[in-house]
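Novice: Have a look at this one.
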Amino acid sequence: MLISLNWLRELVDVTLSAEKLAETLTVAGFEVENIEDRRQLADGVVVGKVVDCQRHPDADKLSVTQVDLGKEAVSTIVCGAKNVKADIFVAVAPPKTYLPAVDLKIKTSKLRGVKSEGMICSLAELGLAKESEGIYIFAEENLTPGQDVRPLLGLDDIILDLTSTANRADALSLVGVAREVAALTGVALRLPEAVELDIPAEPTLKIEVADAQACPAYIGTVVEGVKIAPSPVWLQQRLQAAGVRPINNVVDITNYILLEWGQPLHAFDRAKLQAVAGSENIVLGTRFAGAGETLKTLDGQTRELVEQNLVIVANDKPVALAGVMGGEETEVDEGTQDIVLEAALFDPVAIRRSSRAVGLRSESSTRYERGVNQAELEFAARRAIALFVELAGGNPTARAIADARPNREDWTRSLSLRLSRVRHILGQVRREEGLDDLQAEEVEQILTALGCELERQAGEETLWTVKVPPYRYRDLEREIDLIEEVARLYGYDRFADTLPAKTEAGILPPQRKAMAQIREAFRAVGLTEVVHYSLVKPEAAEIAIANPLLSEYSALRTELLPGLLDAFEYNLARGNGALNAFEVGRVFRNLEGIASEYDAIAGIFGGDLNPQGQWVSGGKGSPMTWYEAKGLLDSVLERLGVVADYQPDSSDARCHPGRTAVLSVGGKRLGFFGQLHPQLRRDRDFPEAVYAFELSAAVLLEVMGGGNITPPRFQTYSTYPAVKRDLAFFAAKNIAVAQLEATMQKAGGELLDAVELFDVYEGENVPAGERSLAFSLAYRSRDRNLTEAEIEPAHQKVRQALEEQFGATLRS
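Under this note's numbering, the letters of the sequence shown match residues -11 to 800, in that order.
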């Protein structure tokens, strides 16, 4: 919000410099993003009176003027504006004046042979407008030539660009900022006044609210006989300082109250309302839009309304989007004579949904979404009506009210505050004599300055009952909120920063440490960690979100692999090559009607493992084989101390039916690993071989010991050579090699160091339904050379186990 210091000084006696005030507000939680010194825009520009104006002898579009600048001699200035003439007061930039708005330094020069001593300025050249058709002519009379133009143009001001946190809705108004400045600096606060009005109720105007929760209060006031005209200069300048474009006196007054009090108002043209309503008697109200209804808003767009849109209706016909923007059909224009002023309270959630549904946000909706002070609704309406009377000649003739707000006592709340708790949370403060505790009187002074009413309770402990002012009702809800206000206004920098006497080193929970180890293991094999949104576009079994931001992100993902597939495709399409990546994230599933969430780990890879060596293969690279891909995953699992069992699987249509396996550990399903299906590869234009996996983080952590990681113990390598024996046999095709290897390892005992498959054959001389398998078995001891007498019994146990458990027919 843009804050004018001149306007602010009318409410509080600010003696601080703009820089010091900005620092004070920023430390207190209101970030000042920029300070605009508008005085520089017209530094050196003075009032000049054009005493003579003649056409330039050598240029049809130029005029030669004689301008009185308050000096002994008049100045000759050549001007190209069409509206320049004699006997007017203008803004003149004398030589050596710098105009930052147009980055121009004025110099004495000759234009078509005539000496020009300065420049007559337009509003654009003074930074007050984007474009100007001609020079600016002062409406005031009897100005003094040579006087500074800045006070006349509102350029004797400094603007603070202030940003407040979402909980401080009161700071979206000048009165709210003034209250804060008064509390921070200790100066007196002078709020604007509004006279009491006795406006009768008339049958020509009634209010009917369909949903009191969406619209707790609605005040409609008829003001007759308004004269539409430009606003006075002071009002236009204040709006311009706040970044608002002046329109006419009626609209400008509603914007002025919005900026001053944070209360949005809207003025309807009564005659247009009656035309829309089809009757002289108007029933204004609010309701939610029906299917198929439309409304053309003030920005000229016709908007399709949905059920979330709260609308203002006249005799049940939509005339405005409640709390967001008025309708073009009932807007105030030059022909308006009577108006109906709307002052209302709307539910923040209803306005937020309505605004989002049509993709439209405004200054009004911003304030309603954060919450408008319900205690000052009538005051803001009275102040606006008083300005209509003063500046537009209006006469309030009728009023109707629908009010479902609770009693005034419920507009605030009472909280208990303990001095001991304040001291415990905030600690000691620095004083000249050293560290000291915060005193009760200081707490009372700070909270009183914020508008709170304190009553000290009897007892040994210092305890207050604090009554919160209505304008802080939404954010002061608990004792800790009051303590925060004490710290904020006292000054965070004034509290001691000594550490507690006893401290302990922080630790990571075992599961967090385990997840970090998992991530490290995947990175160690060359995979890049990626992160995707948990929100996805709904397609099948995803869990839909009740109030999504966008339709593309309106559901919760059920698995990680689709995001990785999209990322792989995205990188390929942009020439970045194959993406070898993994992701650790949360997935959501609907199990028996109950939404549940789990941590999952997924990965995708298919790039060349040795891209630096592509010169050997002509720059084309070589596709990753299934065993190379499986080796990456095995390396990770081995690093984590996990031994997984691979079993064939063809249930996932995205994976190759003959090159996909389910991973299990201890009888529990860990996940799957496999090569992507050729059809999916062709559809997405992927390389020849791409592999993917998805694992359950919970099962992996359980296998790793629930996060209680035991550091691996180093075992010395055997310095004795291994003795290898080959073993060939026929076995049924449906017996997995992993089962055979596990049986051989168990039967071979400690002496069997390694088992490796080196040949598979199916065809001639092999029994039907079987295949020939050949393994190399390595026997080794850690402390001696093995003899044939030690190896043969172990090897015989392996042969016997294969025959007994699998019915294998041994060939060697």
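Backbone N, C-alpha and C fix where the C-beta goes; we use that ideal spot for every residue, glycine too.
Please state the DSSP three-state secondary structure of N237.
Specialist: In the structure shown, N237 sits in a helix (DSSP, three-state: H, G or I).
Novice: Out of T318, K215, A277 and R233, state which residue places its alpha-carbon closest to the alpha-carbon of A265.
Specialist: The shortest Cα separation from A265 among T318, K215, A277 and R233 belongs to T318.
Novice: Check for me: the alpha helix (DSSP H) holding P636 runs from which residue to which?
Specialist: Note, P636: premise wrong, no alpha helix (DSSP H); beta strand (DSSP E) at D633 to P636.
Novice: Does DSSP put F717 in a helix, in a strand, or in coil?
Specialist: DSSP places F717 in strand when its eight states are reduced to three.
Novice: What did DSSP end up calling Y393 once you bin it into helix, strand or coil?
Specialist: What sits at residue 393 in the sequence shown is Arg, not Tyr. Three-state DSSP puts R393 in coil, outside helix and strand.
Novice: Quick one: measure Cβ to Cβ for V137 and A74, integer angstroms, because I've assumed they're closer than 8 Å.
Specialist: Contact flag wrong, Cβ pair sits at about 19 Å.
Novice: Buried or exposed: where does G673 fall if 16 or more other Cβ atoms within 10 Å of its Cβ makes it buried?
Specialist: As written in the sequence, residue 673 is Asp, which differs from the Gly given in the question. With fewer than 16 other Cβ atoms within 10 Å, it is exposed.
Novice: Going by C-alpha distance, which of R387, R462 and L(-1) is nearest V169?
Specialist: Nearest of R387, R462 and L(-1) to V169, Cα basis: L(-1).
Novice: Could you spell out the range, first to last residue, of the beta strand (DSSP E) harbouring I76?
Specialist: Taken as a continuous stretch (DSSP letters only), the beta strand (DSSP E) holding I76 covers I76 to A81.
Novice: DSSP state of I339, grouped into three classes?
Specialist: In this structure, I339 counts as helix in the three-state DSSP scheme.
Novice: Is R371 a contact residue of the ligand ZN, with contact defined as CB to any heavy atom under 7 Å?
Specialist: The ligand ZN is not part of this structure, which contains no ligands at all.
Novice: Looking at the strands, I want to know which residues DSSP matches up with Y206.
Specialist: In DSSP, Y206 forms a bridge with A332 and A390.
Novice: For G422, which residues does DSSP report across the bridge?
Specialist: DSSP output for G422 lists R419 as bridge partner(s).
Novice: Using alpha carbons as the reference points, say which of L683, Q228 and A171 lies closest to L111.
Specialist: That would be Q228, whose Cα lies nearest to the Cα of L111.
Novice: Evaluate T436 with the Cβ neighbour count: other Cβ atoms within 10 Å of its Cβ, from every protein chain shown; 16 or more gives buried, anything less gives exposed.
Specialist: T436 is exposed by the Cβ-count criterion.
Novice: Can you name the residues that DSSP bridges to S684?
Specialist: S684 is bridged to A588.
Novice: By Cβ distance below 6 Å, which residues in the same chain neighbour R713 in space, the five residues on each side in sequence not counted?
Specialist: Excluding residues within five positions, the ones whose Cβ falls inside 6 Å are L765 and H783.
Novice: Do you know offhand how far A117's Cα is from L375's?
Specialist: Taking the straight line joining both Cα atoms gives about 26 Å.
Novice: When you compare the region 226 to 241 with the region 398 to 408, are there three or more beta-carbon pairs, one atom per stretch, that lie closer than 8 Å?
Specialist: No, the region 226 to 241 is not in contact with the region 398 to 408.
Novice: Could you give the DSSP three-state label for E432: helix, strand or coil?
Specialist: Of the three classes helix, strand and coil, the one that applies to E432 here is helix, per DSSP.
Novice: Is it right to say D335 is buried, meaning 16 or more other beta carbons lie within 10 angstroms of its own, or is it exposed?
Specialist: Its Cβ being crowded by 16 or more others within 10 Å, D335 is buried.
Novice: Classify R275 as buried or exposed, calling it buried when 16 or more other Cβ atoms lie within 10 Å of its own Cβ.
Specialist: Per the 10 Å Cβ criterion, buried.
Novice: Straight-line CA distance for K8 to R358?
Specialist: Their backbone Cα atoms lie some 28 Å apart in a straight line.
Novice: Thinking C-beta only, is V66 closer than 8 Å to V52?
Specialist: Yes, these two residues count as a Cβ contact at 8 Å.
Novice: Report the start-end ranges of each beta strand (DSSP E) in the region 556 to 581 that is 3 residues or longer and not cut off at the edges.
Specialist: Whole beta strand (DSSP E) segments, 3+ residues: 569 to 579.
Novice: Can you tell which of A502, N236 and P550 has its C-alpha closest to the C-alpha of P218?
Specialist: Selected option, being the one with the closest Cα: N236.
Novice: Among G68, D741 and Y86, whose alpha-carbon lies nearest the alpha-carbon of S120?
Specialist: Comparing Cα-Cα distances from S120 to each of G68, D741 and Y86, the minimum goes to G68.
Novice: Just the Cα atoms here: how many angstroms apart are R26 and I216?
Specialist: Distance between the alpha carbons of R26 and I216 is about 30 Å.
Novice: What residues match up with C802 in a beta bridge as DSSP calls it?
Specialist: No statement about residue 802 is possible, as the shown extent of the chain runs from -11 to 800 and does not include it.
Novice: Could you work out which residue in R770, A716, K785 and V748 is closest to T797 when comparing CA atoms only?
Specialist: Residue A716 is the option with its Cα nearest to T797.
Novice: For T707, count neighbouring Cβ atoms within 10 angstroms of its own Cβ and tell me buried if that reaches 16, exposed if not.
Specialist: Exposed, because fewer than 16 other Cβ atoms sit within 10 Å of the Cβ of T707.
Novice: What distance in whole Å lies between the Cβ atoms of V183 and P384, which are believed to be in contact at a cut-off of 8 Å?
Specialist: Wrong, their Cβ atoms sit about 11 Å apart, outside the cutoff.
Novice: Skipping 5 residues on each side, what residues in its chain have a beta carbon closer than 7 Å to that of S63?
Specialist: Excluding positions up to five away in sequence, the list reads V55, L57, E105 and G106.
Novice: Name the DSSP bridge partner or partners of D149?
Specialist: DSSP output for D149 lists L(-10) and N22 as bridge partner(s).
Novice: Could you tell me how far apart the beta carbons of V431 and D424 are, in whole angstroms, since I believe they sit closer than 8 Å?
Specialist: Between D424 and V431 the Cβ distance is about 14 Å, and since that is not below 8 Å, they are no contact.
Novice: Considering only the beta carbon of each residue, do A590 and E508 sit closer than 8 Å?
Specialist: No, these two residues do not count as a Cβ contact at 8 Å.
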